[in-house]
Amino acid sequence: MKRLNICIDIDGTLTEPYYWLAMANEHFSKCVREEEVRCYEIHKTMGIELDDYLYYYEVYKYDIHNNARLREQAGEYIGKLSEWHRIHFVTARDKDLEMITFSYLCRHNIPFNSLYVTGNANKIQNAHDLNCDVFLEDSMDNAVQLARAGYKVILMDAGYNQCPEEELHSLIVRVHTWEEAYEVIQAMAMTSQAIS
45 MKRLNICIDI DGTLTEPYYW LAMANEHFSK CVREEEVRCY EIHKTMGIEL
95 DDYLYYYEVY KYDIHNNARL REQAGEYIGK LSEWHRIHFV TARDKDLEMI
145 TFSYLCRHNI PFNSLYVTGN ANKIQNAHDL NCDVFLEDSM DNAVQLARAG
195 YKVILMDAGY NQCPEEELHS LIVRVHTWEE AYEVIQAMAM TSQAIS
C-alpha cells in the first residue's frame with residue numbers, strides 16, 4: 045500500500061457545510077434553509093450585499109469558525125487515514141485564524157501532520173509543495189483548478205457544488221460521506237493510482 049500525502053480543506057470538507065447558516069440567518073434576519081444553499085458565495089445565498097457580508101464576517105469570524113460542527117464521521121475516518129497516510133490541512137481561511145484553527149483541530153482530536161492557513165483560495169502551490177496525492181475539497185472552483193493542475197480531487201458533496209456527473213473533470217470523484225472518501229483513498233493507496 046502506498047503512503048499518501050492527503051490534503052484536506054477545512055470549511056465544508058472537514059466541517060459540516062452549513063454550520064454558518066444559523067448564525068448568518070439570525071444576524072441578517074433571514075430564514076434560508078440548507079436545501080436552499082445552491083451558491084458557494086454566502087452573500088449571494090443570503091441575498092445581501094458583499095460589503096455587508098464582509099463586515100459581518102470580519103466581526104464574527106472567530107465565533108463562526110470556533111463553533112463549526114464537524115462533518116459526520118470526519119474525525120473517525122481522518123483518524124483511520126492518519127494511521128498510514130500523511131494528513132495536511134490546507135485552508136483559505138484568513139491567516140489571523142491560524143491559532144484558532146490549530147486549536148480547533150486539537151480540541152476535536154483531529155490528527156494531522158501540518159496545517160496551512162493560506163488566506164487565499166489558490167491551493168495549487170500548497171498541493172505541489174506537499175507532493176499531494178489527493179485533495180479533499182468542497183469548492184467546485186477549487187476542485188476544478190486542482191484537477192486541471194493534475195491533482196486527484198475528492199469533492200465532498202454539498203448543495204453549492206452541484207453539476208451533472210458527466211461534467212466533472214476526470215480527476216474529480218464526488219462523495220457524500222467521509223466513509224466514501226475513506227474507501228476511495230484506500231483504493232487509491234492499494235492500487236497506486238495516486239499521482240506521485
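Mapping the sequence shown onto the numbering used here, position 118 (from 1) lands on 162, and the numbers just tick up by one.
Glycine residues also receive a C-beta, built at the ideal position from the N, C-alpha and C atoms.
Query	Result
Span of the alpha helix (DSSP H) holding T145?	E142 to R151
So, for I168: in the same chain, excluding its five sequence neighbours on each side, which residues have a beta-carbon less than 7 Å away from its beta-carbon?	Q189, L190 and A193
Check whether the segment 116–127 and the segment 86–101 are in contact - that is, three or more C-beta pairs closer than 8 Å.	no
In or out: A238 buried (at least 16 other Cβ within 10 Å) or exposed?	In this prediction, A238 scores a pLDDT of 48, lower than 50, which makes its location untrustworthy; the coordinate-derived value is nonetheless stated afterwards. So A238 ends up on the buried side.
Under 7 Å Cβ to Cβ from K69, same chain only, skipping five residues before and after it: list those, please.	As written in the sequence, residue 69 is Asn, which differs from the Lys given in the question. Cβ neighbours of N69 beyond the five flanking positions: C75 and V76.
Reducing DSSP to helix, strand and coil, say where V76 ends up.	coil
Taking just the CA atoms, how far does L65 sit from E78?	8 Å
Determine the DSSP secondary structure at L212, reduced to helix, strand or coil.	coil
Take the Cβ of W128 as the centre, count every other Cβ of all protein chains shown within 10 Å, and call the residue buried at 16 or more, exposed below.	exposed
So, using beta-carbon positions, are Y62 and R113 closer together than 7 Å?	no
With a 10 Å radius around its C-beta and 16 neighbouring C-beta atoms as the bar for buried, classify C207 as buried or exposed.	exposed
Is the beta carbon of V178 sitting closer than 7 Å to the one on K196?	yes
Drop a sphere of 10 angstroms on the beta-carbon of W222, count the other beta-carbons inside from all chains shown, and report buried for 16 or more, exposed for fewer.	buried
For the putative contact between N110 and I144, defined by C-beta atoms under 8 Å, what is the C-beta separation to the nearest angstrom?	6 Å
Could you check the C-alpha separation between M45 and M234 for me, to the nearest Å?	5 Å
Please name the residue or residues paired with H132 in a DSSP beta bridge.	C51 and S158
For the alpha helix (DSSP H) that K196 lies in, which residues bound it at each end?	That residue, K196, is in no alpha helix (DSSP H); its beta strand (DSSP E) goes K196 to M200.
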